[in-house]
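S.K.: Position one of the sequence shown corresponds to residue -16 (my numbering), numbered consecutively onward.
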Amino acid sequence: MSYVTSMDADEFKNRTKTFAIRVIRLVEALPKNQTAKVIGNQLLRCGTSVGANYRASCRAKSPADFIAKMAIVEEECDESIYWMELIADAGLMNEKRLTDLKNEANEILSMVVASIKTARSRK
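#1: Quick check on the DSSP output: the alpha helix (DSSP H) that includes ARG28 runs from which residue to which?
#2: So, ASN36 versus ILE55, is the Cβ gap smaller than 9 Å?
#3: Going by DSSP in three states, LYS44 sits in which element: helix, strand or coil?
#4: Give me the residue from PHE49, ALA47 and LEU81 with the minimum Cα distance to SER63.
#5: Buried or exposed: where does MET(-16) fall if 16 or more other Cβ atoms within 10 Å of its Cβ makes it buried?
#6: Please state whether the Cβ-Cβ distance between ALA3 and VAL33 is less than 9 Å.
#7: Specify whether the region 45 to 55 and the region 17 to 28 touch according to this definition: at least 3 beta carbon pairs, one from each stretch, less than 8 Å apart.
#8: Could you name the residues of the same chain whose beta carbon sits closer than 8 Å to that of LYS20, not counting the 5 residues immediately before and after it, in chain order?
#9: Taking the alpha-carbon positions, what's the ASN77 to ALA97 distance?
#10: Taking the straight line between their C-alpha atoms, what separation do you get for LYS15 and PHE(-5)?
#11: Report yes if the CB atom of ARG38 is closer than 9 Å to the CB atom of THR101, and no otherwise.
#12: For GLN17, collect the residues of the same chain with a Cβ closer than 7 Å to its Cβ; drop the 5 residues on either side in sequence, then sort them by chain order.
#13: Give the secondary structure of MET53 by DSSP, where H, G and I count as helix, E and B as strand, and everything else as coil.
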């Protein structure tokens, strides 16, 4: 049983997968200097973790387990946005390209927060 109620679980799975792929492509497009490599590796870790932790939350056996796993997804979305902002601040990539990805991360984040609130209210 999935505790995801604020969105269709398959839709959210596809969005997190698409987000991870876009993060990977963005990281591959970064310059090949040490700063970009460090920031890119952190963004890559967070961006791919969003989908993996979401899928783990769908297998949750209890509302508490679901909430705990979705909280991890929430943190990874927040951290992804942070690393994207560092990329922009360091001038490593065009701000416009990052804006779309940041907007997508914010949309995923809002869905995650809504799901957590819904699961908490069902206890």
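Just so it is clear, CB atoms sit at the ideal spot from N, CA and C, and this is done for glycine as well. Quick caveat, the model's predicted, so the values are computed rather than measured.
M.R.: Working from what's here:
#1: By one-based count along the sequence shown, residue 28 stands at place 45. From DSSP, the alpha helix (DSSP H) with ARG28 extends over 17 to 41.
#2: Taking the first residue of the sequence shown as 1, we reach residue 36 at position 53. Taking the first residue of the sequence shown as 1, we reach residue 55 at position 72. It is a contact, given that the beta carbons lie within the stated cut-off.
#3: To locate residue 44, count along the sequence shown from 1; it is residue 61. It is coil, neither helix nor strand.
#4: The residue you call residue 63 lines up with position 80 of the sequence shown. Nearest of PHE49, ALA47 and LEU81 to SER63, Cα basis: LEU81.
#5: Here residue -16 refers to the residue found at position 1 of the sequence shown. For MET(-16), the predicted model reports a pLDDT of 44, less than 50, meaning its position is unreliable and no value from the coordinates is stated.
#6: Residue numbering aside, residue 3 sits at position 20 when the sequence shown is read from its first letter. Residue numbering aside, residue 33 sits at position 50 when the sequence shown is read from its first letter. Yes, Cβ-Cβ distance for ALA3 and VAL33 is below 9 Å.
#7: no
#8: Within the sequence shown, residue 20 is the residue found at index 37, counting from 1. Excluding residues within five positions, the ones whose Cβ falls inside 8 Å are LEU13.
#9: Against the sequence shown, residue 77 aligns to sequence position 94. Against the sequence shown, residue 97 aligns to sequence position 114. Each residue's alpha carbon lies about 31 Å from the other.
#10: Counting from one through the sequence shown, the residue named residue 15 turns up at place 32. Counting from one through the sequence shown, the residue named residue -5 turns up at place 12. Taking the straight line from one Cα to the other gives about 32 Å.
#11: For this step, residue 38 is matched to residue 55 along the sequence shown. For this step, residue 101 is matched to residue 118 along the sequence shown. Their beta carbons are not under 9 Å apart, which means ARG38 does not touch THR101 by this criterion.
#12: As a working mapping, residue 17 is identified with position 34 in the sequence shown. Taken in chain order, the list of residues that qualify is empty.
#13: Counted from its first residue, the sequence shown places residue 53 at position 70. Helix.
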